[in-house]
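Asker:
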Amino acid sequence: MQRAEGAALLVHSYYGQRDLWQGQDKVYWGRTQLDPEGIHKGNASLRLRAVGFQDEGSYLCYVTSELGTSTQKMSLAVLRKSEMESPIVARLGQDVILSCPFECGLNLQPLNITWKKEETEGPDLLVHSYCNGIDKLQRQDASYKGRTQLHPERFSQGNASLMLRRVRSQDEGFYICHVQLEQGRFSVRMQVTVEDSVSDQPTLVVSCVLCLVLLILIMSMIIKKHHPLLLHKSMFWLQWKRQKDRDQPESNPLTASESSNPNTVLTPPASSLRVRHKTFLFPFCLHMLGFPGSAT
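Going by UniProt numbering, the sequence shown opens with residue 1, and the numbers climb by one from there.
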């Protein structure tokens with residue numbers, strides 16, 4: 001097997017049921033392995049250890065046997081581990097930035113940037129595409145139209161981050177950013193989770209306070225409207241109370257012997273009960289509210 005682009009690099013060689021290490025490029029020393037049992041079953045897959053970004057590119061596999069020669073070409077893309085270990089948390093309806101760092105040189109031409117969203121079924125969705133200084137949005141998925149933006153002024157800093165506006169619940173999932181430069185290809189994969197927006201607590205508190213103030217104003221208007229009547233009834237109750245206190249020794253018909261009877265029920269006059277029941281509540285309200293004339 002060898003690298004296909006540029007100067008062909010020998011990655012691994014196997015002949016006569018044994019590995020041949022002569023001529024292997026030094027960047028692959030100790031990192032390649034074939035499975036002899038798999039070869040007998042028609043499987044010449046190669047294991048490549050400690051993969052780095054320098055391993056990205058196209059590879060050619062040549063297999064020659066008594067049945068003939070077979071050639072297989074494949075491409076290897078190395079994904080950069082996301083700098084954020086935990087998923088990116090986006091708030092429903094708000095904007096979020098999806099980070100995509102890459103190694104850039106002095107020459108950013110040609111520069112191709114592609115953002116895609118992985119789908120469990122069917123092809124991946126094209127989120128955003130940028131090619132040679134121009135956004136290429138003709139094939140952009142309809143659900144992302146008008147909601148994505150790159151910042152070309154940040155490309156020279158190795159930043160291909162994407163702004164996703166007005167996040168929706170269906171935006172949740174895995175995203176891949178591919179950056180293609182003259183010196184190589186860089187890829188970043190990340191997960192985005194969408195959470196419901198938290199209720200605006202300050203707004204809720206202000207609403208409650210306004211409702212309370214409105215209720216107090218309404219109660220104040222009602223009390224102010226009926227204040228003369230309440231004051232009149234309060235004065236009537238005070239006069240009745242003083243008169244009752246003065247008349248109590250004279251109007252009490254009970255004798256000492258009668259009052260000592262345990263079966264005697266002391267019942268005030270019916271008119272007194274009616275007046276007390278009717279007027280007792282008003283001085284209490286006036287006293288609590290602090291109206292003039294409420295203190296005794």
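A virtual CB, placed ideally from N, CA and C, is assigned to each residue, including glycine.
(1) Helix, strand or coil for VAL51 per DSSP?
(2) Whose C-alpha, out of GLY93, SER70, GLU119, GLY52, is nearest the C-alpha of LEU60?
(3) Should ARG185 and ALA77 be called a contact, given that it needs their Cβ atoms to be closer than 8 Å?
(4) With residue 297 as the anchor, note down where its beta strand (DSSP E) starts and where it stops.
(5) Is TYR175 buried or exposed, if buried means 16 or more other CB atoms sit within 10 Å of its CB?
(6) Sorted by chain position, which residues of the same chain lie with C-beta nearer than 7 Å to GLU103's C-beta, five sequence neighbours on each side aside?
(7) With a threshold of 6 Å on Cβ separation, who are the neighbours of TRP115 within its own chain once the five nearest residues in sequence on each side are excluded?
(8) Any idea which residues DSSP pairs TYR14 with across the strands?
(9) Output yes or no for whether 8 Å exceeds the beta carbon distance between LEU20 and TYR14.
(10) Which of the three DSSP states, helix, strand or coil, is assigned to ALA8?
(11) In this structure, how does DSSP classify TRP115 when only helix, strand and coil are distinguished?
(12) According to DSSP, is SER207 helix, strand or coil?
(13) If we require 4 or more residues per run, which alpha helix (DSSP H) segments fall completely within the UniProt domain "Ig-like" (27 to 77)?
Answerer: Looking at the atomic coordinates:
(1) Reduced to three states, the DSSP call for VAL51 is coil.
(2) Nearest option by C-alpha distance: SER70.
(3) Yes, these two residues count as a Cβ contact at 8 Å.
(4) Outside the shown range of the chain, which is 1 to 296, sits residue 297, and nothing can be said about it.
(5) In the assembly as shown, TYR175 is a buried residue. Its beta-carbon has 16 or more other beta-carbons within 10 Å.
(6) Close CB contacts of GLU103 within its chain, under the 7 Å cut and outside five residues either way in sequence, are with GLY158, PHE186 (chain order).
(7) For TRP115, where only same-chain residues beyond five positions count, the Cβ hits under 6 Å are VAL127, HIS128, LEU162, CYS177.
(8) Beta-bridge pairing links TYR14 to ASP19.
(9) For the pair LEU20 and TYR14, the CB atoms are nearer than the 8 Å cut-off.
(10) ALA8 falls in the coil class under three-state DSSP.
(11) TRP115 carries a strand assignment under DSSP once its states are collapsed to helix, strand and coil.
(12) DSSP places SER207 within a helical segment (H, G or I) once states are collapsed to three.
(13) If we require 4 residues or more, the alpha helix (DSSP H) runs fully inside the UniProt domain "Ig-like" (27 to 77) come out as 36 to 40.
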